[in-house]
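Let me begin by presenting the structure, written as structure tokens, before commenting on it.
Numbering (full-length UniProt numbering), first residue to last: 1 to 638.
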């Protein structure tokens, strides 16, 4: 009997259903049972999933990048709601993806280029719809120390895992793995079998994914028999599916070894295994197709490299690069991973129990890790910032200068935030901070540059309030009341210890979401208030919502607008209800691509909505000022 799910009518219902998929998948895994999920296509093609998918794509940097049909996200947003939903549903039922547009991008610090496949915007929406539904099923089963392209995980967690293992185990031998042309060599049949083994048992969904994989490449081939294009929305998830069996196999051989008797502490289990078995210790950390394996001896490192090479070739039809896969003693030479260099130093400590004895001899050897930015990657980032600073010379007016300063500051803070887990970060940034400040001063000369103390700046207040250094700045106010906007300094940074991944932190449980919100100080986004609105044509006609302003973007953004306005009318401040809510166009004369942005819409009650649009004088009412403000906005075009 085919599984049937109650199709979600709101985003809140969808989120609850995704949580249930995750929980079911997790329970099956914990009980050593095979999960099985059917009837998924109906979920994937539901209106709520389609809206969520389009909203996610709209927020991506590449949403304005055209595929082979030259369409971008705005072309979708400006279509009629029913037209968009029907188009996506039709594609899901009879999926025949258009050709992928291939572009070549530079590999950081290398002469060779990396191919990037750009699907059409409709194909990206289809991929996102599939990803939304299958991701919680797969996430529940993925290896705990795989960190790449997974929600609520990042490179810093992978880095922390490596440094912690080296310190705790005192193991110094590391296999630095490199899979040769991984994305180009993914075997479609093996991948589909992996999806099936992880519980994706809706054959229609597997056929959709198969069609995605086989999408041809514009001007090259009509059909793609091998590989998954880098650039596809679903490709990183499928890459993790493909390599998950490698992760689990290595973990079963040591970290998650099943023993006859359970151990409360894993350290005791490892101690016993070392004494009573011929098993080779292995701690595996993977970020996408980059991985490292930490072990105790050079001999075991060689054996693990050979075993992994054989596993990849036999089970996954992949090849380990002989040239790039290294075996390293990390006390003598740094290992490289996710843009960092990691080196371990031997350190002598007193024996356990003698820590507080000042006369105790230091005879216990331990390893302390030091982390550095990878020099070529760091230099490349500095070069990109310098390039943006040079653009200041050509800025025609203050508005453009302010915008460019914001771009530069965003890049500088991005470099700091990425590399601040490096123990040497303060030393590294000092090498370049002065040259960037001098360059910025020179490039701002024609705009009236001054060296201004950070406490007098009006931008990046959270950062600049902690420092008292002068930086290049321009006055964007007047001479009587100057307002200075400055270029931040690369040296405004402090070492930040990365956090270990808490395995309970996941987007698919309320507990996991709370943990993430607490760790990042980010509020959990509210679900769209879809329950406040009816999408039927009769309802839209009754509300007069039939002209081109009421397009897909309008219907998608309504729920976010009412959340922002906290379910209150922006005029009379009373609570609104599903039967008296209107989402008002504040500036209806704006171009169609701007009129339905969340910032240009407002929640009002039906009564106030009528008052905004009629010409009756309500000056005796206490909300007259607000009404007048909205009436004036009706005439605005920018």
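Just so it is clear, CB atoms sit at the ideal spot from N, CA and C, and this is done for glycine as well.
Residues near residue 467 in its chain [Cβ-Cβ closer than 6 Å; skip 5 each side]: 454, 492
Contacts around residue 593, its chain only, beta-carbon distance under 6 Å, and the 5 residues preceding and following it disregarded: 74
Per DSSP, cross-strand counterpart(s) of residue 146: 286
Any beta strand (DSSP E) of 3 or more consecutive residues that is wholly inside the region 558-638: 581-585, 601-605
According to DSSP, residues forming a beta bridge with residue 101: 118
Rounded C-alpha distance that separates residue 1 from residue 39: Confidence in residue 1 is poor, its pLDDT being 49 and thus under 50, which makes the residue's placement unreliable; the coordinate value appears in the next sentence. C-alpha separation (whole angstroms): 10 Å.
Neighbourhood of residue 250 by C-beta, 6 Å cutoff - its chain only, sequence neighbours within 5 removed: 282, 284
Same chain only: Cβ atoms within 7 Å of residue 620, ignoring 5 sequence neighbours per side: none
Residue 173: first and last residue of the uninterrupted beta strand (DSSP E) it sits in: 173-178
Cβ pair residue 366, residue 346 closer than 9 Å: yes
Own chain partners of residue 305 with C-beta closer than 7 Å, once the 5 adjacent residues on each side are dropped: 175, 325, 327
Neighbourhood of residue 10 by C-beta, 6 Å cutoff - its chain only, sequence neighbours within 5 removed: 530, 531
Buried/exposed call for residue 636, threshold 16 Cβ in 10 Å: exposed
Residue 538 versus residue 528 - alpha carbon distance: Low confidence applies here, because residue 538 scores a pLDDT of 48, under 50, leaving its location unreliable; read the following figure in that light. C-alpha separation (whole angstroms): 22 Å.
At least three beta-carbon pairs within less than 8 Å, the region 416-431 to the region 480-500: yes
Host beta strand (DSSP E) of residue 223 (start-end): 221-223
Supposed contact pair residue 172 and residue 331 - C-beta distance, whole angstroms, cut 8 Å: 5 Å
Close-in-space but distant-in-sequence residues of the same chain around residue 279 (CB under 8 Å, 5 per side omitted): 253, 254, 257, 273
Helix, strand or coil at residue 370 [DSSP, three-state]: strand
Proximity winner among 566, 60, 146, relative to residue 290 (alpha-carbon distances): 146
Rounded separation between residue 141 and residue 162 - CA only: 22 Å
Residue 16 versus residue 437: straight-line alpha-carbon distance, rounded: 50 Å
Proximal residues to residue 555 (C-beta, below 6 Å), its chain only, five neighbours per side dropped: 81
Terminal residues of the alpha helix (DSSP H) in which residue 244 lies: 235-252
Inter-residue spacing [alpha-carbon to alpha-carbon] between residue 313 and residue 322: 13 Å
Selection from 156, 101, 164, 89 that minimises the alpha carbon distance to residue 128: 89
Under the three-state DSSP convention, the category residue 533 falls into: coil
Beta-carbon gap between residue 72 and residue 121 smaller than 9 Å: yes
Given residue 144 as reference, the closest of 488, 240, 451 once Cα atoms are compared: 240
Through-space distance from residue 79 to residue 586, alpha-carbon basis: 20 Å
Coarse secondary structure for residue 487, derived from DSSP in three states: coil
Residue(s) in a DSSP beta bridge with residue 644: For residue 644 there is no data in the structure shown, the boundaries of the chain being 1 and 638.
Residue 211, enclosing alpha helix (DSSP H) - first and last residue: 203-214
Classification of residue 574 by the beta-carbon crowding that lies within 10 angstroms, buried from 16 upward: exposed
Bounding residues of the alpha helix (DSSP H) (the contiguous stretch that carries residue 378): 375-390
Coil, strand or helix - residue 345 by DSSP: strand
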